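Working notes, structure below.
Residue numbers (this note's numbering): 23 to 411.
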């Protein structure tokens, strides 16, 4: 399955690396950039330490041809990857970040991403910048879709920056409580981006849902924030969403949270112009999710037709609390309750230009939707054509 060892060659332009790292290794800025020219494997029991200021460039290929990211028999994809059986320790600094990017100036070129195998020890990243990552086959039959996909289920991720990646960071095999802190996420025009993705895909559910906290992060651009999936509880805490274009926290995701057996909550986030926003979802009987103390500002265009930002919430078996939020502009609440669930909406302030402050249409076709309480809210319609229901 693996290629033979390839040795590192020192060039005037940097160091070419590929094949298998079989002993503990340190990458230094003096030898940087490190150019990954074939699949790079950090073997079991090995630590790759990357020092501040190191520039890592990975050979990529055009994302316009998906076969650039496929194996062909024993031949690697044209786009290369970093595959981790051991661990990476990459601690940059604010002044000297560590960069991972494609080794090409072509705007459509992408590298295959970093895949951390199950059973690997936890890798650590601080002040790293990951740009232009894409999905790729790790082996001929297994996809990796994250620029940093840690299927060992645990990671240390602080103050990192993600730019124009297909999926920035995530895991399909969460096995620990996770904190993603102080990171920045960008998606340029025309990018198909989901910033985050966490779930448990094991056929056997874990003994408890794992807690994933996204805190003090910044999101902007034409991506969707994404978030939780099966058997994960997601808390979005004190984040900023600036013109996020394809849906904020956790939009349609809240409506699927019951089948995923997860809980999504949000607290203290700030959204400025975007779609979706700061929702919550409860998919476990007897559980509680919340959307509290969030601020959403969404200015309509001159015709008052801008797609509105919403606090979107879904209760499928549990109870959701939507309280103490401030919404202003093309904004409203949207709900999807199911049998036996409860929703409480209270102590919110909403200045709206849209027709309805509360979208309750999803309730009409569902029997025994549980209890919905709307009380102690201040609602102001400040456009003369708006009729409040």
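Idealized CB from N, CA, C, for every residue including glycine. On a predicted model such as this, the values are computed, not experimentally measured, just so you know.
Taking C-beta atoms as the reference points, residue 50 and residue 73 count as a pair closer than 7 Å.
Of the residues 166, 172, 106 and 203, the one whose Cα lies closest to the Cα of residue 183 is 203. Taking 4 residues as the shortest admissible run, the stretch 127–185 contains no complete alpha helix (DSSP H) segment at all. As a beta-bridge residue in DSSP terms, residue 41 pairs with 62. When DSSP states are grouped into helix, strand and coil, residue 57 belongs to the strand group. Residue 88 sits in a helix when the DSSP states are folded into three classes. If you ignore the 5 residues before and after residue 122, its C-beta comes within less than 6 Å of the C-beta of 78 and 152, all in its own chain and listed in chain order. Close CB contacts of residue 162 within its chain, under the 6 Å cut and outside five residues either way in sequence, are with 93 (chain order). For a cut-off of 8 Å, the C-beta gap from residue 369 to residue 399 is around 7 Å, short enough to register as a contact.
Between the stretch 140–148 and the stretch 91–105, the count of Cβ pairs shorter than 8 Å is below three; the stretches do not touch. Assignment of beta-bridge partners to residue 396 by DSSP yields 367. Under the criterion of beta carbons closer than 8 Å, residue 48 and residue 68 do not qualify as touching, at roughly 12 Å.
The bridge partners DSSP lists for residue 233 are 255. Residue 115 counts as exposed, since fewer than 16 other beta carbons sit within 10 angstroms of its beta carbon. Here the C-alpha atom of residue 231 lies approximately 6 Å from the C-alpha atom of residue 255. The closest CA to that of residue 131, considering only 104, 138 and 91, is found on 91. In terms of Cα proximity to residue 210, the closest of 346, 188 and 218 is 188. 7 Å or more divides the Cβ of residue 179 from the Cβ of residue 134.
Cβ neighbours of residue 55 within its own chain (closer than 6 Å, five residues either side excluded): 36, 77 and 79. Note on geometry: alpha-carbon atoms of residue 185 and residue 154 lie some 7 Å from one another. Assigned with DSSP and collapsed to three states, residue 188 falls in coil, not helix or strand. Annotation for residue 124: the continuous beta strand (DSSP E) segment containing it runs 120–124. Beyond the five residues adjoining it in sequence on each side, residue 194 comes within less than 7 Å, by CB distance, of 173, 221 and 223 in the same chain, given in chain order. Pairing residue 286 with residue 301, the inter-Cα distance amounts to about 8 Å. DSSP places residue 306 in the coil class of the three-state scheme, outside both helix and strand. Per DSSP, residue 297 has no beta bridge partner at all. Spatial neighbours of residue 196 in its own chain (CB-CB distance under 6 Å, excluding positions within 5 residues in sequence) are listed in chain order as 175, 220, 222, 232 and 254. Of the residues 349, 333 and 128, the one whose Cα lies closest to the Cα of residue 402 is 349. Excluding its 5 nearest sequence neighbours in each direction, residue 200 has C-beta neighbours in its own chain below 6 Å: 234, listed in chain order. For residue 309, the closest C-alpha among the options 372, 341, 332 and 261 is that of 341. For residue 49, the enclosing beta strand (DSSP E) starts and ends at 47–49. Ranking 372, 128 and 315 by CA distance to the CA of residue 261 puts 315 first. Boundaries of the beta strand (DSSP E) harbouring residue 209: 206–209, taken from the DSSP string. Distance from the Cα of residue 57 is smallest, within the candidate group 82, 66 and 376, for 82.
CA-to-CA, the gap between residue 217 and residue 190 works out to about 5 Å. Spatial neighbours of residue 125 in its own chain (CB-CB distance under 7 Å, excluding positions within 5 residues in sequence) are listed in chain order as 57, 79, 80, 81 and 82.
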